[in-house]
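This report concerns only the one structure given below.
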Amino acid sequence: MSPRTSNTESPIINTPALLTVPQVMARLNLSRSKVYDLIRTNRLASMKVDACRRIPDDAVHAFIRRGMGEAA
848 MSPRTSNTES PIINTPALLT VPQVMARLNL SRSKVYDLIR TNRLASMKVD ACRRIPDDAV
908 HAFIRRGMGE AA
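Note that my numbering has the sequence shown beginning at 848, numbered continuously upward.
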(Lines of atoms letter the chains of each structure in order from A and count residues from 1; the text may use other names and numbers.)
(Lines give C-alpha, C1' and ligand atoms only; values in the text may rest on other atoms or scores of the structure.)
Protein backbone atom coordinates (compact mmCIF):
# COMPACT_ATOMS: atom_id res chain seq x y z
CA MET A 1 0.00 0.00 0.00
CA SER A 2 1.16 3.51 -0.68
CA PRO A 3 1.43 6.00 2.18
CA ARG A 4 -1.47 8.38 2.60
CA THR A 5 -0.90 12.04 2.01
CA SER A 6 -2.97 14.82 3.45
CA ASN A 7 -4.27 17.53 1.16
CA THR A 8 -4.89 19.82 4.13
CA GLU A 9 -1.21 20.28 4.91
CA SER A 10 0.79 22.47 2.58
CA PRO A 11 4.22 23.89 3.27
CA ILE A 12 4.50 27.59 3.95
CA ILE A 13 7.05 28.95 1.53
CA ASN A 14 8.81 32.31 1.86
CA THR A 15 6.71 33.42 4.80
CA PRO A 16 8.60 35.91 6.94
CA ALA A 17 8.93 35.19 10.63
CA LEU A 18 6.64 37.40 12.70
CA LEU A 19 8.09 38.53 16.01
CA THR A 20 6.33 39.76 19.12
CA VAL A 21 7.19 43.11 20.68
CA PRO A 22 9.07 41.40 23.56
CA GLN A 23 11.15 39.44 21.01
CA VAL A 24 12.04 42.67 19.18
CA MET A 25 12.84 44.32 22.52
CA ALA A 26 15.32 41.53 23.26
CA ARG A 27 16.88 41.55 19.78
CA LEU A 28 17.39 45.32 19.73
CA ASN A 29 17.98 45.73 23.48
CA LEU A 30 15.30 48.44 23.61
CA SER A 31 12.44 49.22 25.97
CA ARG A 32 8.84 48.40 25.15
CA SER A 33 7.99 52.09 24.79
CA LYS A 34 10.91 52.64 22.38
CA VAL A 35 9.79 49.73 20.16
CA TYR A 36 6.25 51.14 20.05
CA ASP A 37 7.70 54.60 19.31
CA LEU A 38 9.61 53.16 16.33
CA ILE A 39 6.39 51.53 15.11
CA ARG A 40 4.35 54.72 15.63
CA THR A 41 6.87 56.82 13.67
CA ASN A 42 7.00 54.22 10.84
CA ARG A 43 10.69 53.51 11.43
CA LEU A 44 9.85 49.87 12.16
CA ALA A 45 7.24 48.09 10.05
CA SER A 46 4.60 46.07 11.86
CA MET A 47 1.17 44.58 11.45
CA LYS A 48 -1.77 43.73 13.65
CA VAL A 49 -3.18 40.23 13.80
CA ASP A 50 -6.47 40.77 15.59
CA ALA A 51 -5.32 42.48 18.81
CA CYS A 52 -1.72 41.25 18.53
CA ARG A 53 1.10 43.42 17.17
CA ARG A 54 3.66 41.52 15.07
CA ILE A 55 6.89 42.72 13.48
CA PRO A 56 8.35 40.88 10.48
CA ASP A 57 11.90 39.67 11.06
CA ASP A 58 12.86 41.36 7.78
CA ALA A 59 11.69 44.71 9.21
CA VAL A 60 14.04 44.32 12.17
CA HIS A 61 16.95 43.56 9.83
CA ALA A 62 16.04 46.56 7.62
CA PHE A 63 15.93 48.81 10.69
CA ILE A 64 19.41 47.64 11.72
CA ARG A 65 20.79 48.14 8.19
CA ARG A 66 19.38 51.69 8.04
CA GLY A 67 20.86 52.45 11.45
CA MET A 68 24.26 51.17 10.39
CA GLY A 69 24.09 53.35 7.27
CA GLU A 70 23.37 56.45 9.39
CA ALA A 71 26.30 55.68 11.70
CA ALA A 72 28.79 55.42 8.83
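All C-beta atoms, glycine included, are put in the ideal place defined by N, C-alpha and C.
Non-local C-beta neighbours of Ala906 in its own chain, meaning closer than 8 angstroms and more than five positions away in sequence, comprise Leu891, Ala892, Ser893, ordered along the chain. Where Arg900 is concerned, the enclosing beta strand (DSSP E) starts and stops at 899 to 903.
By the CB criterion at 7 angstroms, Ala873 and Asp904 fall outside the cutoff. For a cut-off of 8 angstroms, the C-beta gap from Ile902 to Leu866 is around 5 angstroms, short enough to register as a contact.
In the three-state reduction of the DSSP assignment, Leu866 falls in the strand class, which pools E and B.
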